[in-house]
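Undergrad:
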Amino acid sequence: MLILSILHNIFLTIEEIKQLYEGNDIEVVGVSLPVWYYKRRTSEPAEEVFCKYLLTNKNIELESLVEVKEERDGYQINMPQLPPGYKPRSISNEEWRGLSLNEQLQWYENHPVPKSAKNLLPISEGGAEYLSFKEYGRTLVNNRNIATIHIVEIKTINNLVNSLD
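For what it's worth, the numbering used here labels the leading residue of the sequence shown as 12, then goes sequentially.
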């Protein structure tokens, strides 16, 4: 089976993150790394492709909770949405302190936090300054049906700047 895997690396300023979190569309330049896989052979090393990204944060009816669309000169990516009826996890300090380390780890496993644009917010505002997710799909290339994997990584621009030091 022919598979196309595309890694999307996008870096945002805090202002862009806040706009996106509030539901505004933003357009930025990012890097995609397409790799083809066929019968244990790959097209690696991948060449970086700089392209436009239209990032949206719309709670719309989709087949999946996230959507990556190919555009003429880049991609449109809708951020993952919280599942309908999601309630934030909570536990009192008193209960937490009464749990053993194994019980705490088990509690985290049983109460996962779904990925959403909130993950991009600063740590001081309840975010992680990072969001990573995958979308699996199919597309037609030269009249051939192929499997696609979009791996999206969004970080703050500070991560990029700090990596240059």
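Note that CB positions come from ideal geometry on N, CA and C, so glycine has one too.
Between P123 and Q30, what straight-line distance do the alpha-carbon atoms span, to the nearest angstrom?
TA: Within the sequence shown, the letter at position 112 stands for residue 123. Within the sequence shown, the letter at position 19 stands for residue 30. The straight-line gap from Cα to Cα measures roughly 26 Å.
Undergrad: Give me whichever residues DSSP pairs with T24 in a beta bridge.
TA: For the purposes of this step, residue 24 is taken as residue 13 along the sequence shown, with counting starting at 1. Per DSSP, none; premise fails for T24.
Undergrad: Return the chain-ordered list of same chain residues with a C-beta closer than 6 Å to the C-beta of V46, the five sequence neighbours on each side being excluded.
TA: For the purposes of this step, residue 46 is taken as the residue at position 35 of the sequence shown. Excluding positions up to five away in sequence, the list reads S16, T53, S54, E55 and A57.
Undergrad: Less than 8 Å between the CB atoms is what I'm expecting for I21 and V39, so what's the real figure, rounded?
TA: Residue numbering aside, residue 21 sits at position 10 when the sequence shown is read from its first letter. Residue numbering aside, residue 39 sits at position 28 when the sequence shown is read from its first letter. Confirmed, Cβ separation roughly 6 Å.
Undergrad: Between the Cα of I162 and those of S111, K50, E106 and K80, spot the shortest distance and give me the residue it belongs to.
TA: On the sequence shown, residue 162 is found 151 positions in, with the first residue counted as 1. Here the closest residue by C-alpha is K80.
Undergrad: Using the Cα positions of Y119 and Q92, report the straight-line distance between them to the nearest angstrom.
TA: Taking the first residue of the sequence shown as position 1, residue 119 is located at position 108. Taking the first residue of the sequence shown as position 1, residue 92 is located at position 81. If you take the alpha carbons of Y119 and Q92, they lie about 20 Å apart.
Undergrad: Counting only runs that start and end within the region 147 to 172, where is the beta strand (DSSP E) found for 3 or more residues in a row?
TA: With a minimum length of 3 residues, the continuous beta strand (DSSP E) runs that stay inside the region 147 to 172 are 155 to 167.
Undergrad: What whole-angstrom Cβ distance do I165 and L131 have, given they're in contact under 8 Å?
TA: Reading the sequence shown from its first residue, position 154 is the one you call residue 165. Reading the sequence shown from its first residue, position 120 is the one you call residue 131. That pair is a contact at about 6 Å.
Undergrad: Verify whether the separation of the beta carbon atoms of I25 and T167 is less than 8 Å.
TA: Stepping through the sequence shown from its first residue, residue 25 is reached at position 14. Stepping through the sequence shown from its first residue, residue 167 is reached at position 156. Their beta carbons are under 8 Å apart, which means I25 touches T167 by this criterion.
Undergrad: Alpha carbons only, please: which of M12, L23, L18 and H19 is nearest the one belonging to V172?
TA: Within the sequence shown, numbered from 1, the residue matching residue 172 stands at position 161. Nearest C-alpha to V172: L23.
Undergrad: Would you identify the three-state DSSP class for E136, choosing helix, strand or coil?
TA: Position 125 of the sequence shown, counting from 1, holds the residue named residue 136. If DSSP states are grouped into helix, strand and coil, E136 belongs with the helices.
Undergrad: Closest to E66 by CA distance: which of Y97, P95, E33 and V60 is it?
TA: By one-based count along the sequence shown, residue 66 stands at place 55. It should be pointed out that residue 66 corresponds to Leu in this sequence rather than to Glu. Selected option, being the one with the closest Cα: E33.
Undergrad: Thinking P133 and P94 are a contact (beta carbons under 8 Å), I'd like their distance in whole angstroms, please.
TA: Taking the sequence shown and counting its residues from 1, one reaches residue 133 at position 122. Taking the sequence shown and counting its residues from 1, one reaches residue 94 at position 83. Their Cβ separation, rounded to whole angstroms, is 24 Å, which puts P133 and P94 out of contact at 8 Å.
Undergrad: Among all the DSSP beta bridges, which residues are the ones paired with R52?
TA: Here residue 52 corresponds to residue number 41 of the sequence shown, with the count starting at 1. Y49.
Undergrad: Nearest CA to the CA of N35: which residue from G41, N68 and T150?
TA: Here the question's residue 35 lines up with position 24 in the sequence shown. Per the Cα distances, N68.
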